[in-house]
Amino acid sequence: MLDTLTPVRYRSTHVMTGTPMQRTPPEMLQGTVDVLILRALAVQAMHGYAISRWLDERSDGVLSVEGAALYQGLHRLERQKLIAAEWGLSENNRKAKFYSLTTAGRARLRSEASIWKTYAAAVHKVLSPA
Amino acid sequence: MITGKRLFKVPWRSRTTIARDVDAELGFHFEMRIAELRARGASVDDAHRQATAEFGDLEFTRAYCRREDERAASDERRADALVEWRQDVAYAVRTLLRSPGFAVASLLTLAIAIGANTAVFAVSRAVLLQPLPYADAARLYQVFTIQPDRPVVSRNQLSPADFADFENSQSSFAGLGAAAPSTAMILQPASGDPISLNAIDVSSNLFGVLGTRALYGRTLMPGDEIHGQDHRVVLSYDTWSRDFGGDPRVVGRSILLSGESYVVVGVMPRGFTIDEREALWLPYDQKGTLADVVRARKQHYVRTIGRLKPGVTAARAMEDLRTIAARLALAYPDADSGRTAEMRPLTEMLTGDLRPALLLLEGAAALVLLIACANLANLALSRTTGRRRELATRAALGASRGRLVRQLVTEAVVISLAGGALGVALAAVGTRSLLALNPTTLPSLFHATMNGGVLAFSVAISLATGVLFGLLPALDASSGNLHESLKEGGRGSSGGRASGRARASLVIAQVALALMLLTGAGLLVRSFARLTHVTLGYDPNQVVTADLRAAGGRYDDALAVTAFYDGVIQQLAHTPGITTVAAMSDLPSRGSSSTSVRIEGQENDESQLRELRYVSVHGDVFKTLRIPIVAGRDYDASDRPDIPETTILNETAAKRYFPNGDAVGHRIKIGPDPNGAWMTVIGVAGDIRGDGLDVPPEPTIYANHRHEPWMRSMSLVVRTSLSAANTGALIRAAVRAQDPTLAVNDVETLDDVMGESLAARRFALGLAVSFALIALVLAAVGIYGVLAYNVANRSRELGVRIALGASSRRVVSFVVGQGMATSLAGIVVGVAGAAAGARLLRGMLFDVTPLDVGTYGVVAALLLLVALIACAVPAWRATRVDPLTSMRAD
Chain B
1 MLDTLTPVRY RSTHVMTGTP MQRTPPEMLQ GTVDVLILRA LAVQAMHGYA
51 ISRWLDERSD GVLSVEGAAL YQGLHRLERQ KLIAAEWGLS ENNRKAKFYS
101 LTTAGRARLR SEASIWKTYA AAVHKVLSPA
Chain H
1001 MITGKRLFKV PWRSRTTIAR DVDAELGFHF EMRIAELRAR GASVDDAHRQ
1051 ATAEFGDLEF TRAYCRREDE RAASDERRAD ALVEWRQDVA YAVRTLLRSP
1101 GFAVASLLTL AIAIGANTAV FAVSRAVLLQ PLPYADAARL YQVFTIQPDR
1151 PVVSRNQLSP ADFADFENSQ SSFAGLGAAA PSTAMILQPA SGDPISLNAI
1201 DVSSNLFGVL GTRALYGRTL MPGDEIHGQD HRVVLSYDTW SRDFGGDPRV
1251 VGRSILLSGE SYVVVGVMPR GFTIDEREAL WLPYDQKGTL ADVVRARKQH
1301 YVRTIGRLKP GVTAARAMED LRTIAARLAL AYPDADSGRT AEMRPLTEML
1351 TGDLRPALLL LEGAAALVLL IACANLANLA LSRTTGRRRE LATRAALGAS
1401 RGRLVRQLVT EAVVISLAGG ALGVALAAVG TRSLLALNPT TLPSLFHATM
1451 NGGVLAFSVA ISLATGVLFG LLPALDASSG NLHESLKEGG RGSSGGRASG
1501 RARASLVIAQ VALALMLLTG AGLLVRSFAR LTHVTLGYDP NQVVTADLRA
1551 AGGRYDDALA VTAFYDGVIQ QLAHTPGITT VAAMSDLPSR GSSSTSVRIE
1601 GQENDESQLR ELRYVSVHGD VFKTLRIPIV AGRDYDASDR PDIPETTILN
1651 ETAAKRYFPN GDAVGHRIKI GPDPNGAWMT VIGVAGDIRG DGLDVPPEPT
1701 IYANHRHEPW MRSMSLVVRT SLSAANTGAL IRAAVRAQDP TLAVNDVETL
1751 DDVMGESLAA RRFALGLAVS FALIALVLAA VGIYGVLAYN VANRSRELGV
1801 RIALGASSRR VVSFVVGQGM ATSLAGIVVG VAGAAAGARL LRGMLFDVTP
1851 LDVGTYGVVA ALLLLVALIA CAVPAWRATR VDPLTSMRAD
């Protein structure tokens, strides 16, 4: 599982507003781009930009994945055959590369998600006031 | 909009496509982001700047994505290749199952060819490549003395004195070690008959020169040979485990050998040997040997082995030895003038006899494999030609030419691997029968096993065979216009002129190769026939031999030796079933010793005395072996030890020394001592082929053992109607009656003794003949296959001819003529090839030239006959073609 863990870099500007925002301490939330991508694609097939938008909205701008990390993650996952890619037309009729989950990717998402939830719950429990 | 499942497989992307795709993808991202920022009111420049800043390391990401995609593509290519390959194999197996005739024919051909190659490889590897039981054996050399001015130059061992001088003066070897024959030792076990153990005397440094340490205890040391202390002995592994129960505690103990006490100082590891036959090593007493000044320089029996010093080349060592030899020739002209030194690699000495035979076999096996390849290529050609329609269909469905070629080659490889597996099984059996052909003379053959190396070899040749016989038809079948064959309906297509030519040249090659093999085998068979018909000069039938040795202190008295042999011979001679009995020092076909000779009344050049083979005879040897006395008389009771010595020469000696034919009555003197006693020639015995059938007789003296009874080891020769085993029992009883401490060795028939000198020849011959026969059968199958295919393919043409009034005779002669033309071409090529190749056989031929016209004629006629038979069936079938059916076929 460790090889799929990639640190999420947090943008210091807010995606939606473009204004500088308070940086969340990155060392504490060692996230993984891969699992976030898999989760995004579980909704529907998307191109890279749509994934970044979806993540932004879904986390209220907290988990904003840097473009570099996103595309590296996409190509890595494609090579692992967890996602598949196909060229198609975007909503504004431009040629774009659409990604979708494969069966293996769906299975991976399930196992990663449950690990993450356990982990997050544990961290939450530790940090909660006694 | 996207299902996530791909209906069509995207072809693998190239590097350029991948780069372009990555750029397009990232470009799209930027475009979207900038558009969004602009929509929110940012200026063009600001939007650009922010998008770039947000993105992070663009260059790295671009490179990373490309690399990931390229890797994914190559993973996919590999996976696809694997899938395709599995498809090919499955398809190959299915097609083969659909044409079992083709599959079985190919499998058998391959099994025979690959089996033969594997067996020969296993054996020759064991014999030629098996390392000697010494460390870094490549730097070990054996040193000889030769007399280059003699008409027949032969390598001799060194004399003890020369050995000492070479050893002291040389500077090229880390050491020169000596091995000298020793008397066999008799071991009396607690129960049972005494055992005779072969022993050799070795210098204390020889083990070190060979680089072998003792398994237990130590090897010999300087000082072990000194008299007045306990004798010392080193045991071989076999003797130690068989006769001493494999007990390491035997080291340091005293054992009784021939009645004397010896301390066992060590046991050598398994497989270590110097002479291949010895059981014991005793210290070589150089000082004692050199004390006999006359004999020390003139008797050549010290086998000398040296290890080159590091950095010294063989050429320099040779020069060193020659310089010493030249100095010795000046210092001791009567013994060493005309002599120089020579050295040969030790490895070559041990496999020397067999090397040509094995190389011959390897060549023959390789030829058989080539013929098999040609055969299979031919079968496959005919088959793929018939499959053009199938191939055309596949091509039309999108299979590339490469894919079709690979498909056909895969089929060939599948067959050849299966054939190879059968072949290895066959080889395992074959190796054993190779061993059975004659194990006694080829000791290292025992190590021939099917090991990893041999298996790797057979897998390699199977693969190579598959590619070789699959590629040609595949290229042929996939070439040309496949669409044409689709349109044609596949029926009338004869595969084009090119593949017709290919098939014809394959048959020519096959016939040529078969002819070469048959010629080689024929020449060997002829040599063998000549050899066995050479007059032996004696009658080995119904003669049983056994080796005896009067060992022990009581036989220091020469009269006791005479009495012992007299007693044994007397007792046996009176046994029913035994006609005559005698004893001789060297059996015909076994090695012999020689001596120098001086003739009374003739010029005897003391520096270059003539050499004479020396055989000592006791009793009626000539009668027993049925060697005629051609002049004078045999020994009789009047030739007692106390009256002036008498002697018998063979015809060659008599003719050479007394050209006037008056040998009887003249006197000669033998041995190194010029003051020895004269001996009168009383008789001349007929020549025998003593040194092997292919060696002309040498001048020989048959000395009377009663006159020189110092020779203690003799071979009994018994002419008898009894079996060897029964005779052996009688001999043992007779020896026990004379002296129960003595051993009887090597009871065998004289036929067998003689057979040993023919064994290597028979071995090579049997195999060469079987290979030639295999080749003949394969070639016949090949010719038949091509003609049968042609007839089947041209049935329409033949039908037209018949309809137009061609008689069956015309049709037959048409088909046969075609087959014979091809075969004749093959024979012409083959004769040329055989004439070129037969020169390699020269060393193995006897009384037959490599260009023996008779052999070539017989072989060519035989091949033509076989070709004719192979033509007959297709020709007959051609006359049965029904014009109506064949023309209506389309």
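In order, the protein sequence lines correspond to chains B and H. Start counting the first sequence at 1; every next residue gets the next number (the working numbering). Start counting the second sequence at 1001; every next residue gets the next number (the working numbering). Even glycine gets a Cβ: it sits at the ideal position worked out from N, Cα and C. All of these numbers come straight from a predicted model, not from anything done at the bench.
Asked                                                                                                                                                                                  : Found
Pick out whichever of H/Leu-1381, H/Ser-1159 and H/Gly-1837 has its Cα sitting closest to the Cα of H/Leu-1475.                                                                        : H/Leu-1381
Closer than 9 angstroms, Cβ to any Cβ of chain B: which residues of the region 1019 to 1031 of chain H, in chain order?                                                                : Asp-1021, Val-1022, Ala-1024, Glu-1025, Leu-1026, Phe-1028, His-1029, Phe-1030 and Glu-1031
Determine the direct distance from the alpha carbon of H/Ala-1180 to that of H/Val-1202, and round the result to whole angstroms.                                                      : 6 angstroms
Closest by CA to H/Gln-1229, which one among H/Arg-1078, H/Ser-1261, H/Leu-1058 and H/Asp-1247?                                                                                        : H/Ser-1261
Measure how close the beta-carbons of H/Asn-1619 and H/Ile-1569 come, nearest whole angstrom, since I'm counting them as under 8 angstroms.                                            : Position check: residue 1619 of chain H holds Gly in this sequence, whereas Asn was assumed. Between H/Ile-1569 and H/Gly-1619 the Cβ distance is about 5 angstroms, and since that is below 8 angstroms, they are a contact.
If you follow the alpha helix (DSSP H) that H/Val-1816 is in, where does it begin and where does it stop?                                                                              : 1808 to 1837
By the three-class DSSP mapping on this structure, what secondary structure does H/Asn-1117 have?                                                                                      : helix
In this structure, does DSSP put H/Gln-1142 in helix, strand or coil?                                                                                                                  : strand
Taking 8 angstroms as the threshold (C-beta atoms), are H/Val-1811 and H/Ala-1878 in contact?                                                                                          : yes
Which whole runs of the alpha helix (DSSP H) in the region 1513 to 1575 of chain H are 4 residues long or more, in chain order?                                                        : 1558 to 1573
At the 8 angstroms Cβ level, is H/Arg-1049 part of the contact set with chain B, yes or no?                                                                                            : no
DSSP state of H/Met-1711, grouped into three classes?                                                                                                                                  : coil
Applying a beta-carbon distance threshold of less than 7 angstroms, which residues of chain B neighbour H/Thr-1061?                                                                    : Ala-68, Tyr-71 and Gln-72
Of all the options H/Val-1597, H/Val-1816, H/Gly-1453 and H/Val-1828, which has the alpha carbon lying nearest to the alpha carbon of H/Ala-1870?                                      : H/Val-1816
Under a three-way DSSP split, which group does H/Tyr-1301 fall into?                                                                                                                   : coil
Are there 16 or more other CB atoms within 10 angstroms of the CB of H/Ala-1135, so buried, or fewer, so exposed?                                                                      : exposed
Excluding the 5 residues preceding and the 5 following H/Glu-1411 in the sequence, name in chain order all residues of the same chain whose CB lies nearer than 6 angstroms to its CB. : Ala-1092
I think H/Leu-1765 touches H/Val-1881, with their Cβ atoms under 8 angstroms apart; what is that distance to the nearest whole Å?                                                      : The Cβ separation is near 46 angstroms, so there is no contact.
Let me know the secondary structure DSSP gives H/Val-1908 once reduced to three states.                                                                                                : In the structure as shown, chain H begins at 1001 and stops at 1890. Residue 1908 of chain H is therefore absent and cannot be evaluated.
Step through the CB atoms of chain H and report whether any lies within less than 8 angstroms of the CB of B/Glu-57.                                                                   : no
What does H/Leu-1058 touch in chain B if you count any residue whose Cβ is under 9 angstroms from its own?                                                                             : Gly-67 and Ala-68
To the nearest angstrom, report how far apart B/His-47 and H/Leu-1397 are at their CA atoms.                                                                                           : 35 angstroms
Can you list, in chain order, the residues of its chain with a C-beta nearer than 6 angstroms to that of H/Arg-1038? Leave out the 5 residues immediately preceding and following it.  : Ala-1047
Using a beta-carbon distance cut-off of less than 9 angstroms, what residues from the region 43 to 57 of chain B approach chain H?                                                     : Gln-44, Ala-45, His-47, Gly-48, Tyr-49, Ala-50, Ser-52 and Arg-53
Under 9 angstroms Cβ-Cβ, which residues of chain B neighbour H/Tyr-1064?                                                                                                               : Ala-68, Tyr-71, Gln-72, His-75 and Arg-76
Are the beta-carbon atoms belonging to H/Leu-1235 and H/Ile-1186 less than 8 angstroms from one another?                                                                               : no
Would DSSP call H/His-1231 helix, strand or coil?                                                                                                                                      : strand
Taking H/Leu-1256 as part of the alpha helix (DSSP H), name the residues at either end of that continuous run.                                                                         : H/Leu-1256 -> not in any alpha helix (DSSP H); beta strand (DSSP E) instead, spanning 1254 to 1257.
Would you be able to state if there are at least three C-beta pairs under 8 angstroms between the region 1672 to 1689 of chain H and the region 1654 to 1664 of chain H?               : yes
Taking H/Phe-1846 as part of the alpha helix (DSSP H), name the residues at either end of that continuous run.                                                                         : Per DSSP, H/Phe-1846 belongs to no alpha helix (DSSP H) and is neither H nor E.
Do we get a CB-CB distance below 8 angstroms when we pair H/Glu-1068 with the residues of chain B?                                                                                     : yes
Any idea if H/Tyr-1141 is buried or exposed, counting beta-carbon neighbours within 10 angstroms, 16 or more meaning buried?                                                           : buried
Below 8 angstroms between beta carbons: does that hold for H/Ala-1838 and H/Gly-1338?                                                                                                  : no
If we ignore side chains and look at the alpha-carbon of each, how far apart do B/Asn-93 and B/Ser-100 end up?                                                                         : 19 angstroms
Check each candidate in H/Met-1844, H/Arg-1232, H/Gly-1843 and H/Asp-1852 and name the one with the smallest Cα separation from H/Ala-1834.                                            : H/Asp-1852
Let me know the secondary structure DSSP gives H/Ile-1034 once reduced to three states.                                                                                                : helix
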